[in-house]
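From first to last, the protein sequence lines are chains Z and P.
Counting in the numbering used here, the first sequence runs from 1 upward without gaps.
Counting in the numbering used here, the second sequence runs from 1 upward without gaps.
Yeah, the Cβ is synthetic: ideal placement off N, Cα and C, and Gly gets one too.
The model shown is predicted, which means the values in this text are computed figures rather than measured ones.
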Amino acid sequence: MQLKDKVIGIIAEQAVLEPSDVTMDSTLEDLGIDSLGLVESIFAIEEAFDIQVPFNANAPRESDFDISSVASIVSGIERLVREQHS
Amino acid sequence: MKRVVITGAGTINALGRNVDETLEAMREGRCGISELDFRDVERLQIRIGGQIHDYDPEAEFNRQQISLYDRFTQFTLLAAREALAQSGLEFSGELSAQAGVVLGNSGGGMTTLDENYRSVYEEGKNRVHPFVVPKLMNNAAASHVSMEFNLKGPSFTVSTACASSNHAMAQAFQIVQSGLSPAMITGGSESMLCFGGVKAWEGLRVMSRDACRPFSANRNGMVQGEGAGVFVFEEMEHAKRRGAPILAEVVGHAMTSDAADIVMPSKHGAARAMEGALRNARLAPEDVGYINAHGTGTAANDKTECAAVADVFGHHADALMISSTKSMHGHLIGGTGAVELLACIMAVRDGIVAPTIGYQEPDPECALDVVPNEAREAKVEVALSNAFAFGGLNAVLALRRA
Chain Z
1 MQLKDKVIGI IAEQAVLEPS DVTMDSTLED LGIDSLGLVE SIFAIEEAFD
51 IQVPFNANAP RESDFDISSV ASIVSGIERL VREQHS
Chain P
1 MKRVVITGAG TINALGRNVD ETLEAMREGR CGISELDFRD VERLQIRIGG
51 QIHDYDPEAE FNRQQISLYD RFTQFTLLAA REALAQSGLE FSGELSAQAG
101 VVLGNSGGGM TTLDENYRSV YEEGKNRVHP FVVPKLMNNA AASHVSMEFN
151 LKGPSFTVST ACASSNHAMA QAFQIVQSGL SPAMITGGSE SMLCFGGVKA
201 WEGLRVMSRD ACRPFSANRN GMVQGEGAGV FVFEEMEHAK RRGAPILAEV
251 VGHAMTSDAA DIVMPSKHGA ARAMEGALRN ARLAPEDVGY INAHGTGTAA
301 NDKTECAAVA DVFGHHADAL MISSTKSMHG HLIGGTGAVE LLACIMAVRD
351 GIVAPTIGYQ EPDPECALDV VPNEAREAKV EVALSNAFAF GGLNAVLALR
401 RA
């Protein structure tokens, strides 16, 4: 399974949606994922890819991890996997 | 001062999944104590408890809820749903703003703590699920009850070990009695039947390996239980106006501290709590027909409690009935007073006194009518519920037939 599909699977599960309902330009807000859902998704992503996601729920915009859309989350994870597994 | 009545009751414990099942088990003197079943149980010396078997969280809650609700919170919500359904009370507007929830609890989310300690210490993982803190905090159950039922008044959790529920219900009683709120949700819960929870108790060397036999000369310790009991305490006129079911009246309470020892009970502290409850409820000792004992089944508690009852009630101590239902559901620690209040309701409302089961040999130091092994029919006007905690913190409630 591609990294992108795996991420979409995690986000879809959190949002209680089918993966086909999650598009690359969806925002977490569009998908109905609240702040608790977000930290739970990040936990699931860290577990799935064995990475550390630099995310502080107090200052999401200042964190070095862009959560503005599914696409930005996927590219953030691709970068972290590259950096942390090289 | 307002009069306070109980208009709803709910429970889940080793004897039953609701009040009816629990009272039926108490009437029949059934034992809910069995072999413990959880991870690493084979490393324990103590392998019995009042565990709720075949419990399936997914039958009761959705995945998102389960990720936030520790077992003690789940039990509390199930009991609260039953109590609120019976009471028929719904919270909106001014009532919602005034009504709150006060619950007793001792260990918080012990299974959550246990599982996550295991994963970071034993399995060497370096990451835990993000909801560990909101799951394990002692007030989680009270908070989730407030959210589910829209309770926006005074809400908090009381933690006084084995007296937690009685202290909590005493607070709720005062809040309704003083007119601060026309209704309060109260009671308590506990779920520490996991490896770490039982291992910690094992260390004290006060646990029985075979049975909880309160007041019996061959008693050899306490047995832990788990579950919840939740009640609706409501101002009497408020309850009558809406035609609510009235299970019993709460007529008084008292709280005392031994100020003496962190584990050993004190006859004086226990006696002062019972005397205080009688005074608070304006009752004479002769009015009391039944006492639901703290009755843990330890050598120290049972003889101290009986001596305190003899001191407080004098000649009437031989006329009243006193039983320990812990022999059936185990010791629910912070939730125990709540489940035991059900036995008091059964006594005053139904005229049936729950027995002390497992009773085998009379103990001259516990020479009271402990209702051995079989329930008894008796007209009971007033019942007391005793709770005497580790740390010497005592709380007694008085119920009267409505």
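### Message
So, with DSSP's three-state summary, where would you put glutamate 275(P)?
### Response
helix
### Message
Please identify the residue among Gly109(P), Phe195(P), Gly153(P) and Met222(P) whose C-alpha is closest to the C-alpha of cysteine 162(P).
### Response
Met222(P)
### Task
Put asparagine 166(P) into one of helix, strand or coil per three-state DSSP.
helix
### Message
Mapping the DSSP letters down to three states, classify tyrosine 117(P) as helix, strand or coil.
### Response
helix
### Query
Hey, how far is the Cα of valine 198(P) from the Cα of serine 20(Z)?
47 Å
### 3 or more residues per run - each beta strand (DSSP E) lying fully within the segment 224 to 249 of chain P
227 to 235
### Task
State buried or exposed for aspartate 210(P), treating a residue as buried only when at least 16 other CB atoms are found within 10 Å of its CB.
exposed
### Query
In whole angstroms, what separates the C-alpha of serine 68(Z) from that of alanine 59(Z)?
13 Å
### Query
Cα separation between arginine 282(P) and leucine 15(P)?
34 Å
### Message
Does chain Z have any CB closer than 8 Å to the CB of proline 57(P)?
### Response
no
### Query
In chain P, what lies closer than 7 Å to valine 39(Z) by C-beta?
Pro130
### Query
According to a CB-to-CB cut-off of less than 8 Å, which residues of the segment 41 to 59 of chain Z neighbour chain P?
Ile42, Phe43, Glu46 and Glu47
### Query
So, is the C-beta of alanine 118(P) closer than 8 Å to a C-beta in chain Z?
Correcting the residue type first, residue 118(P) is arginine in the shown sequence and not alanine. Chain Z, which has no Cβ nearer than 8 Å to the Cβ of arginine 118(P), makes this no.
### Contacts of serine 67(P) in chain Z (Cβ-Cβ under 8 Å)
Glu40
### Query
Taking contact to mean at least 3 C-beta pairs separated by less than 8 Å, is the segment 80 to 92 of chain P in contact with the segment 9 to 24 of chain P?
yes
### Query
Comparing alpha-carbon positions, which option in Ala183(P), Asn292(P), Leu368(P) and Thr76(P) lies nearest methionine 236(P)?
Ala183(P)
### Query
Taking Cβ positions, are isoleucine 6(P) and glutamate 202(P) nearer each other than 8 Å?
no
### Query
Can you find a CB in chain Z that lies within less than 8 Å of the CB of arginine 272(P)?
no
#### Entry: Per DSSP, cross-strand counterpart(s) of histidine 331(P)
Gln224(P)
### Task
Just mark histidine 315(P) as buried or exposed, buried being the case when its beta carbon has 16 or more other beta carbons within 10 Å.
exposed
### Query
Residues in its own chain within less than 6 Å of lysine 267(P) by CB, not counting five upstream and five downstream?
Thr304, Ala307 and Ala308
### Query
Using 8 Å as the Cβ pair cut-off and three pairs as the minimum, do the segment 63 to 75 of chain P and the segment 31 to 41 of chain P touch?
no
#### Entry: Chain-ordered neighbours of arginine 127(P) on chain Z, where CB pairs are closer than 8 Å
Phe43, Glu46 and Glu47
### Message
Strictly by DSSP, which residues pair up with aspartate 369(P)?
### Response
Met321(P)
### Query
From which residue to which residue does the alpha helix (DSSP H) around asparagine 298(P) run?
Note that residue 298(P) corresponds to threonine in the displayed sequence, not to asparagine. Premise fails: threonine 298(P) is in no alpha helix (DSSP H) and is neither H nor E.
### Query
In three-state DSSP terms, what is arginine 376(P)?
strand
### Message
With three or more beta-carbon pairs closer than 8 Å as the criterion, would you say the segment 105 to 121 of chain P touches the segment 130 to 137 of chain P?
### Response
yes
### Message
Nearest by alpha-carbon distance to glutamate 18(Z): which of Leu31(Z), Asp25(Z) and Thr27(Z) is it?
### Response
Leu31(Z)
### Query
Which class does phenylalanine 38(P) belong to by DSSP, given the choice of helix, strand or coil?
coil
### Query
When DSSP builds the beta bridges, which residues end up paired with serine 257(P)?
Leu393(P)
### Task
Evaluate glutamine 64(P) with the Cβ neighbour count: other Cβ atoms within 10 Å of its Cβ, from every protein chain shown; 16 or more gives buried, anything less gives exposed.
exposed
### Message
Suppose only complete runs of 4+ residues qualify. What are the alpha helix (DSSP H) ranges in the segment 151 to 201 of chain P, listed by chain order?
### Response
164 to 177
### Query
Quick one, which of Ile262(P), Ser181(P) and Ala383(P) has its alpha-carbon nearest aspartate 287(P)'s?
Ala383(P)
### Message
Within the continuous beta strand (DSSP E) that includes isoleucine 12(P), where are the two ends?
### Response
4 to 13
### Message
Quick check on valine 22(Z): does DSSP put it in helix, strand or coil?
### Response
coil
### Message
Tell me the DSSP secondary structure of serine 385(P) in three-state form.
### Response
strand
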